[in-house]
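Keeping their order, the protein sequence lines are chains A and B.
Position 387 of the first sequence, counting from 1, maps to 401 under this note's numbering, and the rest follow consecutively.
Position 11 of the second sequence, counting from 1, maps to 25 under this note's numbering, and the rest follow consecutively.
Protein chains: 2
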Amino acid sequence: MKTTVKPMKKVFIAGIGITKFGKHSEKTFRDLAIEAAMKAIDDAGITPKDITELYIGNFAQGMFEGQTHLAPTLYSDLGLKRNIKGVRVENACASGGFALYEAYRAIKAGYADVVLVLGVEKMTAQKTPVVTKILATAGDAIYELPTGITFPGYFALMTTAYFHEFGGSREDLAEIAIKNHYHASRNPYAQYPKQITSEDYFKAPMIAEPLGLYDCSPISDGAAAVVLMSEEYTKNNSSDGLVEVIGAGASVTNVALTERFKDITWLEATATSSEIAFKEAKIERNDVDVVELHDCFTIAEVIQLESLGFYRRGEAINAAVNGETYYDGKLPVNTDGGLKAKGHPIGATGVGMAVEIVKQLRGEAYNQVEGAEIGLMSNMGGSGASNVVVIFRRV
Amino acid sequence: MKTTVKPMKKVFIAGIGITKFGKHSEKTFRDLAIEAAMKAIDDAGITPKDITELYIGNFAQGMFEGQTHLAPTLYSDLGLKRNIKGVRVENACASGGFALYEAYRAIKAGYADVVLVLGVEKMTAQKTPVVTKILATAGDAIYELPTGITFPGYFALMTTAYFHEFGGSREDLAEIAIKNHYHASRNPYAQYPKQITSEDYFKAPMIAEPLGLYDCSPISDGAAAVVLMSEEYTKNNSSDGLVEVIGAGASVTNVALTERFKDITWLEATATSSEIAFKEAKIERNDVDVVELHDCFTIAEVIQLESLGFYRRGEAINAAVNGETYYDGKLPVNTDGGLKAKGHPIGATGVGMAVEIVKQLRGEAYNQVEGAEIGLMSNMGGSGASNVVVIFRRV
């Protein structure tokens, strides 16, 4: 059955804010969240009292720092006006993207005119083995985790399957890491703003064969925020640098890798979300000027690009090798350094992607894509069981 | 600024399902969730493949059983159709209510026609001291928890303040526990389906002065589910027992008890949510025939009733004493036994309230309120920092 009432408001991003991603030993997640939120609020030219809904993207702060119930917690810290709605949204590593998606729908439907979306995670409060265990809860705790698998293992399996099916090698993956570190080297907000060489890549320890250290995104602390506005509200405010959200899609699929509908080198939720988003945006893949996608591991950049429809299956493995995904290439990808080199504070990641796309469309990025008009972000949860795709256009 | 586009679809509850609340040693949260969901799906006269969006209300299964990313996890277990949207919503003890609220808005706006809302928590997988610690994360981890306070402590403070301000005594609170246990004694799905006496109440150990064991809701496992439908969809399906959602409100306030805008015997988020819900429903307090509210502690039933506007401040303490809140009284409250005696599996609680209201409006409740046409639920998070109110009408 088809829906007959079409929501009809236009939705804009009027403000963006982000912290440096990395290890913030002396800050709690609340400090990071406040920093990003206040930057976004200032950037939007409003005050905290103008916000009427609050969506928090956060994966597991209860486990990282003993704080759940984040909407009222951050409501308190930000001094928002009385009696607004706030809620936390969680879909593993796609928590930030889903928070953005829900907020987008709220404005589009006319429920709110000014919404703050705040993604945050402080992970380094726990030691690495504990963090790995917390992250593993995003897999299937009954059917997968008892085997001992954690996330590098999932993506190692996907890599091996990809190499087997389509070819490709660690040499190709190295080029993705080198590209993303090159982008990060020019972004002071990145966790690892430094270039790496092929030698660095191959000398680094193996994590889960065939993925080495430089194939893996790091453990990070950080926050990112965007202020969304309805069209009417932007007209009554002198907001500069508006970017329109022209399409969005979100979907889930089976959580366990063994239960995917296609083979494990295909991300069904990513593909579905992108179909929905492109249909709504009424544009084609080749209209997109810049992409932020979920490279939690180098192989993820490859299969995201293919599942999003930018490359045929088996072909994205050569994208970085051929220089196509550099900021000055034909399809710039992860111009901020990506999860690999910018960092991956789980709940902040999806919102941080939106921040980078807005910077690009405003012409304010560190690795500026010349004349960028349309940008796309793809934020994935777990080993691909959830995904959000959002498409943005310069106003 | 006021919103100009009004969402316009009517929203109905077409199916309900609930498990027994209690200790389910041999079931995981997934078993419980499937049981409640399949009951609701059957009750709605649909199949899992008809559902197009999934909202999960869950507080902390990552901490209780090592599973986050619940939307795809339960998507897998339920065999839902490919490519639907699913997300988990968390606002502490109001997680279920907020999931319901977001789902309601999705249908109202025309984003979906058939939505499954599934609240679940399996708490007994951890020992009581650990559960207490997990629950405490819903308070303020920086400004409150270092004092050593946990939830019985918060509500003990509120009780003491209430007694000081308005009078009242443990004798009055005892009558609330006795009433809710009486209701539960006739509900086989309740965790404690047995009556208690005043003697039981006073002989029980003190937990946090002046709150004793029988003032406190228990640690529970359980799940509850509802299927929401758009009006168009109900017309194309032979759903019996439809109940319309005629109003809903949700809000947050400062998380720490010390930072509340009024004194601590007033629940601002509860009051705000109810104002919004009543305005939308276009009815008055005295139109309500039956109420499900958040009695995590006996005192909470009192201050919820006052903050919801059913009693003047200082007067709800006598409601149970006077027999007014029994199922055959003038304002029946917690006819299923309430959190106190039915149980309080955190994420399931808000959805379970909706299940009971629907039963009442269908005339199928264990403690049936004669001729009930309009019901209200109020689901609170933490010590009152978040709240959802939903109003339902018999069709």
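Even for Gly, the Cβ is constructed at its ideal location relative to N, Cα and C.
In this text, all values refer to a predicted model and were calculated from it rather than measured experimentally.
query: Work out the CA separation of Gly-364(B) and Leu-84(A) for me, nearest whole Å.; result: 18 Å
query: So who's on the other strand from Leu-68(B), going by DSSP bridges?; result: Gly-100(B), Leu-130(B)
query: Does the beta carbon of Arg-299(A) come closer than 8 Å to any beta carbon on chain B?; result: no
query: Give the secondary structure of Gly-153(A) by DSSP, where H, G and I count as helix, E and B as strand, and everything else as coil.; result: coil
query: Do you know how far the Cα of Ile-405(A) is from the Cα of Ala-295(A)?; result: 7 Å
query: What are the start and end residues of each continuous beta strand (DSSP E) run of 3 or more residues lying completely inside the region 265-319 of chain A, in chain order?; result: 304-307
query: Taking only runs of the beta strand (DSSP E) that begin and end inside the region 163-224 of chain B, which ones reach a length of at least 3 residues, in chain order?; result: 220-222
query: Specify the secondary structure class of Asn-348(A) as computed by DSSP and reduced to three states.; result: coil
query: Show which residues of chain B have a CB atom less than 8 Å away from the CB atom of Pro-224(A).; result: The premise fails here: Pro-224(A) is roughly 25 Å from chain B at the closest Cβ pair, so nothing lies under 8 Å.
query: Quick check on the DSSP output: the alpha helix (DSSP H) that includes Arg-407(B) runs from which residue to which?; result: Careful: Arg-407(B) lies outside any alpha helix (DSSP H), inside the beta strand (DSSP E) at 400-408.
query: For the region 262-276 of chain B, which residues have a beta carbon sitting closer than 8 Å to at least one beta carbon of chain A?; result: Ala-264, Ser-265, Val-266, Thr-267, Asn-268, Val-269, Ala-270, Glu-273, Phe-275
query: Give the straight-line distance between the Cα atoms of Thr-312(A) and Gly-80(B), rounded to the nearest whole angstrom.; result: 27 Å
query: Does Met-15(A) come out as helix, strand or coil in the three-state DSSP assignment?; result: Residue placement at Met-15(A) cannot be trusted, given a pLDDT of 42 that sits under 50; what the coordinates show is reported in the next sentence. DSSP places Met-15(A) in coil when its eight states are reduced to three.
query: Does the beta carbon of Phe-26(A) come closer than 8 Å to any beta carbon on chain B?; result: no
query: Have a look at Leu-242(B), His-38(B), Thr-272(B), Glu-329(B) and flag the residue whose alpha-carbon is nearest the alpha-carbon of Gly-181(B).; result: Glu-329(B)
query: Terminal residues of the continuous beta strand (DSSP E) containing Met-243(B)?; result: 235-244
query: Look up Ser-321(B) in the DSSP assignment and say whether it is helix, strand or coil.; result: helix
query: Is Asn-393(B) helix, strand or coil when you go by DSSP?; result: strand
query: Which residues mark the beginning and the end of the beta strand (DSSP E) in which Val-25(B) is found?; result: 25-32
query: Between Phe-73(A) and Thr-82(B), how many whole angstroms is the CB-CB distance? I'm expecting something under 8 Å.; result: 7 Å
query: Between the region 184-197 of chain B and the region 287-303 of chain B, can you find at least three pairs of beta-carbon atoms closer than 8 Å?; result: no
query: Which of helix, strand or coil does DSSP assign to Ala-262(A)?; result: strand
query: How would you write the range of the alpha helix (DSSP H) that Ser-90(A) sits in, first residue to last?; result: 84-92
query: Under 7 Å between beta-carbons, which chain A residues line up against Ala-494(B)? List them in chain order, please.; result: Nothing about residue 494(B) can be reported from this structure: the residues present for chain B run from 15 to 409 only.
query: Please decide whether Lys-99(A) counts as near chain B, where near means a Cβ-Cβ distance under 8 Å.; result: yes
query: What does DSSP give as the partner residues of Val-369(B) in its beta bridges?; result: Val-369(B) pairs with nothing; no bridge assigned.
query: Quick one: residues in its chain with C-beta nearer than 7 Å to the C-beta of Ala-283(A), no 5 flanking neighbours on either side, listed in chain order?; result: Ser-265, Val-266, Thr-267, Gly-398, Ala-399, Ser-400, Asn-401
query: Within the continuous alpha helix (DSSP H) that includes Leu-159(A), where are the two ends?; result: Unbroken run through Leu-159(A): none, as it is neither H nor E.
query: Does the distance from the C-beta atom of Val-257(B) to that of Val-372(B) stay below 8 Å?; result: yes
query: Nearest to Val-409(B) by alpha carbon, out of Ile-260(B), Ile-148(B), Leu-92(B), Gly-59(B)?; result: Ile-260(B)
query: For the alpha helix (DSSP H) that contains Tyr-118(B), what are its first and last residues?; result: 109-122
query: Out of Ser-199(B), Leu-345(B), Leu-171(B), Val-129(B), which has the shortest C-alpha to C-alpha gap to Phe-26(B)?; result: Val-129(B)
query: Please classify Glu-49(B) as buried or exposed, where buried requires at least 16 other C-beta atoms within 10 Å of its C-beta.; result: buried
query: Name the chain A residues that come within less than 7 Å of Phe-292(B), Cβ to Cβ?; result: Within chain A, no residue comes near Phe-292(B); the closest Cβ sits about 14 Å away, beyond 7 Å.
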